[in-house]
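Engineer:
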Amino acid sequence: MSFLHAIILAIIEGLTEFLPVSSTGHMIIYSSLVGISKSEFTKLYTVNIQFGCIISVLVLYRRRFLQTTDFYFKLFVAFLPAAVIGFLLNDFIDSLLENVTVVAVTLLLGGILLIYIDRTFKEIPRDYDVTFPEALKIGFFQCIAMIPGVSRSAATIIGGMTQGLTRKQAAEFSFFLAVPTMAAATGYKLLKTYKTIQSDDIQILLLGNLIAFIVGLLAIRSFVGFLTKYGFKLFGYYRIALGLLLLGLIAAGVKLDIV
Numbered sequence: 001m002s003f004l005h006a007i008i009l010a011i012i013e014g015l016t017e018f019l020p021v022s023s024t025g026h027m028i029i030y031s032s033l034v035g036i037s038k039s040e041f042t043k044l045y046t047v048n049i050q051f052g053c054i055i056s057v058l059v060l061y062r063r064r065f066l067q068t069t070d071f072y073f074k075l076f077v078a079f080l081p082a083a084v085i086g087f088l089l090n091d092f093i094d095s096l097l098e099n100v101t102v103v104a105v106t107l108l109l110g111g112i113l114l115i116y117i118d119r120t121f122k123e124i125p126r127d128y129d130v131t132f133p134e135a136l137k138i139g140f141f142q143c144i145a146m147i148p149g150v151s152r153s154a155a156t157i158i159g160g161m162t163q164g165l166t167r168k169q170a171a172e173f174s175f176f177l178a179v180p181t182m183a184a185a186t187g188y189k190l191l192k193t194y195k196t197i198q199s200d201d202i203q204i205l206l207l208g209n210l211i212a213f214i215v216g217l218l219a220i221r222s223f224v225g226f227l228t229k230y231g232f233k234l235f236g237y238y239r240i241a242l243g244l245l246l247l248g249l250i251a252a253g254v255k256l257d258i259v
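Residues in the sequence shown are numbered consecutively from 1, following UniProt numbering.
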């Protein structure tokens with residue numbers, strides 16, 4: 001993988017990690033279009049650059065991460081379902097990461113769901129934080145995002161809204177939950193593949209994380225205000241359009257799956 005491809009992937013990760021459009025799906029699409037091979041380092045890189053996004057959350061919400069221990073226990077409870085299911089289905093999930101058809105279908109269906117949620121959800125202000133049962137339920141919603149194209153952000157935000165959170169509260173809890181979830185995914189992938197990392201690879205990883213951190217900062221700040229004002233519908237339309245485009249290319253015989 002070239003430095004240019006690494007930079008573009010990091011920008012894609014930073015822009016889309018916290019938006020309900022699927023960062024993994026977009027990286028898979030880009031990788032297939034430009035012909036990036038499915039090497040172990042490529043798989044490591046697309047997971048590892050999530051660390052830069054983790055740091056962006058910690059920087060922007062540093063005061064929230066200096067709260068009572070209840071805050072951390074709730075994150076742990078919400079993280080548990082993904083930790084268990086992700087560990088058990090790791091190989092199956094890896095195989096899905098190479099399939100653009102799966103991404104196209106989930107982008108399309110997810111877009112329809114976002115528009116439906118946007119039209120039917122009635123926001124009722126609440127002044128109390130996420131409860132432990134709500135955190136656990138949101139954690140199970142997060143597991144749906146193990147399917148490429150679903151979007152971890154979309155799944156957890158929708159999960160939060162089904163528990164009575166406002167759009168802003170659901171989005172922020174999604175950001176907080178991203179920290180242990182992406183840290184675990186990054187650490188696990190690094191532990192499995194660190195022996196294959198070359199000296200040149202370290203430079204690419206550092207560069208990618210730096211770019212993902214900077215772009216992630218900007219994306220989070222913009223997204224919360226946009227979501228509060230406009231809701232999900234534009235993201236839903238975008239997902240539907242992209243999903244239909246990919247399905248059209250696949251139907252026309254264009255080879256998109258990563259090889």
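The beta-carbon is built from N, C-alpha and C at its ideal position, and this holds for glycine as well.
1) With a 10 Å radius around its C-beta and 16 neighbouring C-beta atoms as the bar for buried, classify residue 153 as buried or exposed.
2) In terms of residue numbering, what span does the alpha helix (DSSP H) encompassing residue 99 cover?
3) Might you give, ordered along the chain, the residues of its own chain that have their beta carbon closer than 6 Å to the beta carbon of residue 44, omitting 5 neighbours on each side?
4) Restricting to Cα atoms, I'd like to know which of 14, 61, 2, 3 is closest to residue 211.
5) Are the beta-carbon atoms belonging to residue 55 and residue 213 less than 7 Å from one another?
6) Between the alpha carbons of residue 160 and residue 138, how many angstroms are there, rounded?
7) What alpha helix (DSSP H) runs, 4 residues minimum, are completely inside the stretch 136 to 172?
8) Quick one: what does DSSP say residue 199 is sitting in, helix, strand or coil?
9) Spatial neighbours of residue 51 within its chain, please: C-beta separation below 6 Å, excluding the five flanking residues on both sides.
10) Mapping DSSP to helix, strand and coil, what is residue 22?
11) Using a 10 Å radius around the Cβ and a threshold of 16 neighbouring Cβ atoms, would you call residue 76 buried or exposed?
12) So, using beta-carbon positions, are residue 150 and residue 106 closer together than 7 Å?
Structural biologist: Quick look at the numbers:
1) buried
2) That residue, residue 99, is in no alpha helix (DSSP H); it is neither H nor E in DSSP.
3) 189, 193
4) 14
5) yes
6) 6 Å
7) 152 to 162
8) helix
9) 186, 209
10) coil
11) exposed
12) yes
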